[in-house]
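**Student:** Have a look at the structure that comes next, please.
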Amino acid sequence: MSRIYPKGTRMDSSNYMPQMFWNVGCQMVALNFQTSDVPMQQNMALFEFNGQSGYLLKHDFMRRPDKHFDPFSVDRIDVVVASTLSVTIISGQFLSERSVKSYVEVELFGLPGDPKRRYRTKVTPNANSINPIWNEDPFVFEKILMPELASLRIVVLEEGGKFIGHRIIPVTAVCSGYHHVCLRSESNRPLTMPSLFVYVEMKDYVPDSWADLTMALSNPIKFFNAHDKKMKNTDANNEKSILEKDPSINGIPNILGSYCTSSNGPGGALIPPKEGTMKEAAKLMTEPQTASIEEIQQMKNFGKLLKKQEKELKELERKMTKRKEELLQKYTAFFTEVVSQLGRKEMPCPSRTPRRKSYRIVLDESITKGNAAELTENADNKMMELKEKLEEELLHLGEEQYDAIWKKKDQHAIEKVAKMLQLAREKQTSELKALKESWESDTKEMKKKLEVKRLDKIQAVTKNPDKSAQERLKREVNNSHIQEVVKAVKHMNEKQSRHQQVLEAKQSTCLGKIKEKESQLQQEAFAEYENKMKTISAEVQDSVKNCMKVCYPLEADTAKREAPGASGEGDQRPCENLVTPETLRYATEVVKEDVIRDEETTYAQESRL
Numbered sequence: 073m074s075r076i077y078p079k080g081t082r083m084d085s086s087n088y089m090p091q092m093f094w095n096v097g098c099q100m101v102a103l104n105f106q107t108s109d110v111p112m113q114q115n116m117a118l119f120e121f122n123g124q125s126g127y128l129l130k131h132d133f134m135r136r137p138d139k140h141f142d143p144f145s146v147d148r149i150d151v152v153v154a155s156t157l158s159v160t161i162i163s164g165q166f167l168s169e170r171s172v173k174s175y176v177e178v179e180l181f182g183l184p185g186d187p188k189r190r191y192r193t194k195v196t197p198n199a200n201s202i203n204p205i206w207n208e209d210p211f212v213f214e215k216i217l218m219p220e221l222a223s224l225r226i227v228v229l230e231e232g233g234k235f236i237g238h239r240i241i242p243v244t245a246v247c248s249g250y251h252h253v254c255l256r257s258e259s260n261r262p263l264t265m266p267s268l269f270v271y272v273e274m275k276d277y278v279p280d281s282w283a284d285l286t287m288a289l290s291n292p293i294k295f296f297n298a299h300d301k302k303m304k305n306t307d308a309n310n311e312k313s314i315l316e317k318d319p320s321i322n323g324i325p326n327i328l329g330s331y332c333t334s335s336n337g338p339g340g341a342l343i344p345p346k347e348g349t350m351k352e353a354a355k356l357m358t359e360p361q362t363a364s365i366e367e368i369q370q371m372k373n374f375g376k377l378l379k380k381q382e383k384e385l386k387e388l389e390r391k392m393t394k395r396k397e398e399l400l401q402k403y404t405a406f407f408t409e410v411v412s413q414l415g416r417k418e419m420p421c422p423s424r425t426p427r428r429k430s431y432r433i434v435l436d437e438s439i440t441k442g443n444a445a446e447l448t449e450n451a452d453n454k455m456m457e458l459k460e461k462l463e464e465e466l467l468h469l470g471e472e473q474y475d476a477i478w479k480k481k482d483q484h485a486i487e488k489v490a491k492m493l494q495l496a497r498e499k500q501t502s503e504l505k506a507l508k509e510s511w512e513s514d515t516k517e518m519k520k521k522l523e524v525k526r527l528d529k530i531q532a533v534t535k536n537p538d539k540s541a542q543e544r545l546k547r548e549v550n551n552s553h554i555q556e557v558v559k560a561v562k563h564m565n566e567k568q569s570r571h572q573q574v575l576e577a578k579q580s581t582c583l584g585k586i587k588e589k590e591s592q593l594q595q596e597a598f599a600e601y602e603n604k605m606k607t608i609s610a611e612v613q614d615s616v617k618n619c620m621k622v623c624y625p626l627e628a629d630t631a632k633r634e635a636p637g638a639s640g641e642g643d644q645r646p647c648e649n650l651v652t653p654e655t656l657r658y659a660t661e662v663v664k665e666d667v668i669r670d671e672e673t674t675y676a677q678e679s680r681l
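See the structure below:
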C-alpha cells in the first residue's frame, strides 16, 4: 500500500499532477480540494465515469504477477496495443455571454512516453461567441502507449487567456465520430449551453513503415491499382533510361554489327546476382566446419613426428639386425671349426727358408682309414648341440626384437594421439576465434548499414515543413532504428551461439575420434606383434639353414633337389648324421686346397723378400 499526499510545509493550496503517481500504481493519491486547478480537475474527471465512487481497478497489465510494468518505456508495452487519437475542432456553440474572440487548446495526459505536445487553434477572427468556426487540420496524438492511463483535455479560452470551459475525458471513453462535447467549469460542474462540435478518430497505432500494408489490408483494390500504376511508370522510366544509355539491346545491332541481349527484358539474358550478395547468402547458409583427422595428420608438425618415429624404428631394427648378424657369424665360425677339426691335423713340415717356420696341414690317415665312424658320431652330437643353441638364441633374440618394436609402436601411438590432440585443440581455438571475429565484423557491417538507412530516413524527414511532424517522425525513426538494431543484434547473437554450439559439438566429436585412434593404433601394433611371433619359428629355421649352408653345401644342394618332391617333410625329418663320409671327403678336399693356396702365397711373399 502506498499513499501520496501534498507536502505539509507548503505555503499555498496548490496540487501536484496525480497522473505520474497513477502511472506507477500508487493506491491512494491525496489532493487538496481547496484549489480547483488542473490536477484537481483531472482527478475529478477520472472518477466521473464510475459514478464518483472513489475506487478504480488498476489495469489488468499492472495486476499480472508474471509481467513487469515500466511506465518510462518509450517503445511499447508488452501485450498492450498502442493507439492513435486524432481530434478536429470544427466549431463551438454558446461559449460565452459576451462577444469575445476565443481559441481551443487540446493536450494529452498519460505515460512519459506518450505525446506531450499541446495543440492550439487560431483565435477566431471575429468576436463571435455564439457559433465560432475553426475547422482546422486535425490534432494527432500519434502513439499512446497505454490508452487506459491516458486522458484527453480540451479547454476553451478567451483571447486574453481567460478560462471559458474545459472537458477531460479518458481516452478509453472516446469513440470515433462527430460529437458535441459539453464543457465543464473549473470545479468540473457541467455548463448548460457551452459546447464544442468535434470530429474524433480513434484507431490502433501503425508505424509509418507499415503504412502501405495497412492501406493494402483496408482497401486492397485501391492499393493494388496504385501499385500497378507505379510499376508501369517505373518500367517505362527504366526502359527509357536504358535506351538512352545503350542502343544495342534485344536485337538492336551495335557498332560492330552483332546483336546483343544484355538487358533483363523478355528476350534478354538474366543478369546474375551480385557477387557480394551471393557471398553473404552463402555465408548465412553454411555452417562452420572443423578440421578433420585427415587434415590434422597432414599438418607439418605431425609430419615431423612421423619422420622422427620412423627413424627410431629403423634404428631399432638396424641394431637388432646387427646383433643377429653377429650371432650368425659367431656360430658360422663354430660350425667351421668343428668341420675343420674333423678333416685337418697340424704337423710341422720342412720350411723353404731357414729363418721362418712353416706348417703343412695334411689329411689325417686315421680318419680316412679306421676312426671315421666314431669321429662322425662325436661331430654329429656337437653340431646338434650347436644348432639347438643357435636356434634358442635366435628365438630369444627375435622375441626380444619384436617385443621392443611392439613397445616402441605402442609408445609411438600414445605420442601420435597426444600430438593430434594438441594440434586439434590449437586448431579449434583458432576456429572459435575466427568465428567470433567474423561475427564481430558482420555485426559492425550490419550496424553501419542500418545507420546509413537511418540517416537516409532522417534526411527524408527533414523535408517536411511541419516542425512538430519532423520531431515526431525523427523520434519514430530513431525508435525504429533502435528496435531494428537490437533485433538484428539479437538475431546475430542467436545465430552465432547456434553456430558456436554446432562447431563445439563437431570439435568434441573430432577429439573423441582422436582418442579412439590411440586404442586402434595399439591394437594394430599388437596384431602385428602376434603375427610376427607366429612366424618367428620359421624365420629361425631359415636362418639356421642359411648358416649351415656354409659348412654343408652338399646337403644344401641335395635339399634343394629333394625339396619339390618332399614338400612338408623336410621340416619334420630329424637332423641326424650331419657328418657323413661324403661330407668328410668334401671337407678334406676343401681344406687341402686352402692349405696349398696358403703355402703358395707364403712362398711367393718370402721369395720377394
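So the number in the numbering used here is just where the residue sits in the sequence shown, counting from 1, plus 72. C-beta atoms are modelled at their ideal positions from N, C-alpha and C, and glycine is treated no differently.
Pull up the distance between the alpha-carbon of Val-489 and that of Thr-393, whole angstroms please.
**Tutor:** Mapped onto the sequence shown, residue 489 falls at position 417. Mapped onto the sequence shown, residue 393 falls at position 321. Taking the straight line from one Cα to the other gives about 29 Å.
**Student:** If you drop the 5 nearest sequence neighbours on each side, which residues of the same chain put their C-beta closer than 6 Å to that of Ala-597?
**Tutor:** Numbered from 1 along the sequence shown, position 525 holds the residue referred to as residue 597. Answer for Ala-597: Trp-478, Lys-481, Asp-482, listed in chain order.
**Student:** Tell me where the alpha helix (DSSP H) around Ile-368 begins and ends.
**Tutor:** To locate residue 368, count along the sequence shown from 1; it is residue 296. Where Ile-368 is concerned, the enclosing alpha helix (DSSP H) stretches over 365 to 369.
**Student:** Can you list, in chain order, the residues of its chain whose CB lies under 6 Å from that of Ser-223, leaving out five sequence neighbours each side?
**Tutor:** Position 151 of the sequence shown, counting from 1, holds the residue named residue 223. Phe-181, Ile-240, Pro-242, listed in sequence order.
**Student:** Of all the options Lys-589, Met-100, Leu-157, Phe-119, which has the alpha carbon lying nearest to the alpha carbon of Gln-369?
**Tutor:** Here residue 369 refers to the residue found at position 297 of the sequence shown. Closest by alpha carbon: Lys-589.
**Student:** Mind checking which residues open and close the alpha helix (DSSP H) that includes Arg-135?
**Tutor:** In the sequence shown, counting from the first residue as 1, residue 135 sits at position 63. Element bounds for Arg-135: 132 to 135.
**Student:** Using the Cα positions of Gln-494 and Gln-500, report the straight-line distance between them to the nearest angstrom.
**Tutor:** In the sequence shown, the residue the question calls residue 494 occupies position 422. In the sequence shown, the residue the question calls residue 500 occupies position 428. In a straight line, the C-alpha of Gln-494 is about 10 Å away from that of Gln-500.
**Student:** Less than 8 Å between the CB atoms is what I'm expecting for Glu-214 and Tyr-277, so what's the real figure, rounded?
**Tutor:** Along the sequence shown, read from residue 1 onward, the residue named residue 214 stands at position 142. Along the sequence shown, read from residue 1 onward, the residue named residue 277 stands at position 205. Yes, they are in contact, since the Cβ atoms of Glu-214 and Tyr-277 sit about 7 Å apart, within 8 Å.
**Student:** Would you report the Cα separation of Pro-204 and Thr-196, rounded to the nearest angstrom?
**Tutor:** Residue 204 sits at position 132 when you count from the first residue of the sequence shown. Residue 196 sits at position 124 when you count from the first residue of the sequence shown. Cα to Cα, the separation comes out at about 7 Å.
**Student:** Measuring only the C-alpha atoms, how far is Val-159 from His-571?
**Tutor:** Translated into the one-based positions of the sequence shown, residue 159 becomes position 87. Translated into the one-based positions of the sequence shown, residue 571 becomes position 499. Rounded to whole angstroms, Val-159 to His-571 spans 52 Å at the Cα level.
**Student:** Hey, Ala-61 and Met-518 are a contact pair by Cβ (cut 8 Å); roughly how many whole angstroms apart?
**Tutor:** This structure leaves residue 61 out entirely; the chain is present only between 73 and 681.
**Student:** Ends of the alpha helix (DSSP H) at Met-92?
**Tutor:** Locating residue 92 in the sequence shown gives position 20, where the first residue counts as 1. Unbroken alpha helix (DSSP H) run through Met-92: 91 to 95.
**Student:** Is the segment 605 to 614 touching the segment 519 to 535, taking contact as three or more C-beta pairs under 8 Å?
**Tutor:** They do not touch, by the three-pair rule.
**Student:** According to the neighbour-count rule (16 or more other Cβ atoms, all chains shown, within 10 Å of its Cβ), is Phe-105 buried or exposed?
**Tutor:** Taking the sequence shown and counting its residues from 1, the one referred to as residue 105 is at position 33. The residue in question, Phe-105, is exposed, as its Cβ has fewer than 16 Cβ neighbours within 10 Å.
**Student:** Should Lys-130 be labelled buried (16 or more other beta-carbon atoms within 10 Å of its own) or exposed?
**Tutor:** As a working mapping, residue 130 is identified with position 58 in the sequence shown. Looking at its Cβ environment, which holds fewer than 16 other Cβ atoms inside 10 Å, Lys-130 is exposed.
**Student:** Once you ignore the five residues that flank Val-616 on each side, which residues in its own chain have a CB closer than 8 Å to its CB?
**Tutor:** Along the sequence shown, read from residue 1 onward, the residue named residue 616 stands at position 544. The residues are Lys-459, Leu-462, Glu-463, Leu-466.
**Student:** Would you call the CB atoms of Thr-286 and Val-212 closer than 8 Å?
**Tutor:** By 1-based counting over the sequence shown, the position of residue 286 is 214. By 1-based counting over the sequence shown, the position of residue 212 is 140. Contact: no.
**Student:** Do you know whose CA, among Gly-97, Leu-103, Gln-91, lies nearest Asp-84's CA?
**Tutor:** Residue numbering aside, residue 84 sits at position 12 when the sequence shown is read from its first letter. Closest option to Asp-84, Cα to Cα, is Leu-103.
**Student:** On the CB-based measure, 16 or more other CB atoms within 10 Å of its CB, does Trp-282 come out buried or exposed?
**Tutor:** Sequence index remark: in the sequence shown, residue 282 carries index 210 (1-based). Trp-282 is exposed by the Cβ-count criterion.
**Student:** Less than 8 Å between the CB atoms is what I'm expecting for Ser-364 and Cys-582, so what's the real figure, rounded?
**Tutor:** One-based indexing of the sequence shown puts residue 364 at position 292. One-based indexing of the sequence shown puts residue 582 at position 510. Between Cys-582 and Ser-364 the Cβ distance is about 7 Å, and since that is below 8 Å, they are a contact.
**Student:** Answer yes or no: do Leu-385 and Leu-469 have a C-beta to C-beta separation smaller than 8 Å?
**Tutor:** Taking the first residue of the sequence shown as 1, we reach residue 385 at position 313. Taking the first residue of the sequence shown as 1, we reach residue 469 at position 397. Not closer than 8 Å, so no.
**Student:** Looking at C-alpha atoms only, which residue of Ser-580, Met-218, Asp-209 is the closest neighbour of Asp-186?
**Tutor:** Residue mapping note: residue 186 aligns to position 114 of the sequence shown, counting from 1. Out of Ser-580, Met-218, Asp-209, Met-218 has the C-alpha closest to the C-alpha of Asp-186.
**Student:** Could you tell me the alpha carbon to alpha carbon distance between Lys-578 and Ala-476, rounded to whole angstroms?
**Tutor:** The count along the sequence shown starts at 1 and reaches residue 578 at position 506. The count along the sequence shown starts at 1 and reaches residue 476 at position 404. Going from the Cα of Lys-578 to the Cα of Ala-476 covers about 37 Å.
**Student:** Please go through the same chain and pick out, in chain order, the residues whose beta-carbon is closer than 6 Å to the beta-carbon of Asp-138, but skip the five residues on each side of it.
**Tutor:** In the sequence shown, counting from the first residue as 1, residue 138 sits at position 66. None.
**Student:** Cβ atoms of His-238 and Arg-256: under 8 Å apart, would you say?
**Tutor:** By one-based count along the sequence shown, residue 256 stands at place 184. By one-based count along the sequence shown, residue 238 stands at place 166. Yes, the pair counts as a contact, with Cβ atoms nearer than the cut-off.
**Student:** Taking all protein chains shown into account, do 16 or more other C-beta atoms lie within 10 angstroms of the C-beta of Cys-247, making it buried, or fewer, making it exposed?
**Tutor:** For the purposes of this step, residue 247 is identified with residue 175 of the sequence shown, where counting begins at 1. With fewer than 16 other Cβ atoms within 10 Å, it is exposed.
**Student:** Count the other CB atoms, across all protein chains shown, that sit within 10 Å of the CB of Gly-164; report buried if there are 16 or more and exposed otherwise.
**Tutor:** Position 92 of the sequence shown, counted from the first residue, corresponds to residue 164. Buried: at least 16 other Cβ atoms inside 10 Å.
**Student:** Just tell me which of Glu-220, Gln-594, Glu-498 has its CA closest to the CA of Phe-374.
**Tutor:** Walking along the sequence shown from the start, residue 374 turns up at place 302. Cα-wise, what sits closest to Phe-374 is Glu-498.
**Student:** Classify Lys-79: buried if its beta carbon has 16 or more other beta carbons within 10 angstroms, exposed otherwise.
**Tutor:** On the sequence shown, position 7 is the one that residue 79 refers to. Lys-79 is exposed by the Cβ-count criterion.
**Student:** Hey, Leu-575 and Glu-503: beta-carbon distance below 8 Å or not?
**Tutor:** Counted from its first residue, the sequence shown places residue 575 at position 503. Counted from its first residue, the sequence shown places residue 503 at position 431. Contact: yes.
**Student:** Restricting to Cα atoms, I'd like to know which of Glu-543, Lys-505, Thr-81, Met-456 is closest to Thr-362.
**Tutor:** Here the question's residue 362 lines up with position 290 in the sequence shown. Answer by Cα proximity: Lys-505.
**Student:** For Phe-407 versus Met-371, is the C-beta spacing smaller than 8 Å?
**Tutor:** Within the sequence shown, residue 407 is the residue found at index 335, counting from 1. Within the sequence shown, residue 371 is the residue found at index 299, counting from 1. No, Cβ-Cβ distance for Phe-407 and Met-371 is not below 8 Å.
**Student:** Can you tell me which of the three DSSP states Arg-497 falls into?
**Tutor:** Locating residue 497 in the sequence shown gives position 425, counting from the first residue. Of the three classes helix, strand and coil, the one that applies to Arg-497 here is helix, per DSSP.
**Student:** Contact defined as beta carbons within less than 8 Å: I believe Pro-210 pairs with Leu-183. What is the distance between those atoms, to the nearest angstrom?
**Tutor:** As a working mapping, residue 210 is identified with position 138 in the sequence shown. As a working mapping, residue 183 is identified with position 111 in the sequence shown. At roughly 22 Å, the Cβ-Cβ gap does not stay under 8 Å, so Pro-210 and Leu-183 are not in contact.
**Student:** What separation, rounded to the nearest whole angstrom, lies between the Cα atoms of Val-101 and Thr-107?
**Tutor:** Counting from 1 along the sequence shown, the entry for residue 101 is found at position 29. Counting from 1 along the sequence shown, the entry for residue 107 is found at position 35. Rounded to whole angstroms, Val-101 to Thr-107 spans 16 Å at the Cα level.
**Student:** Please confirm whether any heavy atom of the ligand HEM lies closer than 7 Å to the CB of Leu-495.
**Tutor:** Here there are no bound small molecules, and the ligand HEM is not part of this structure.
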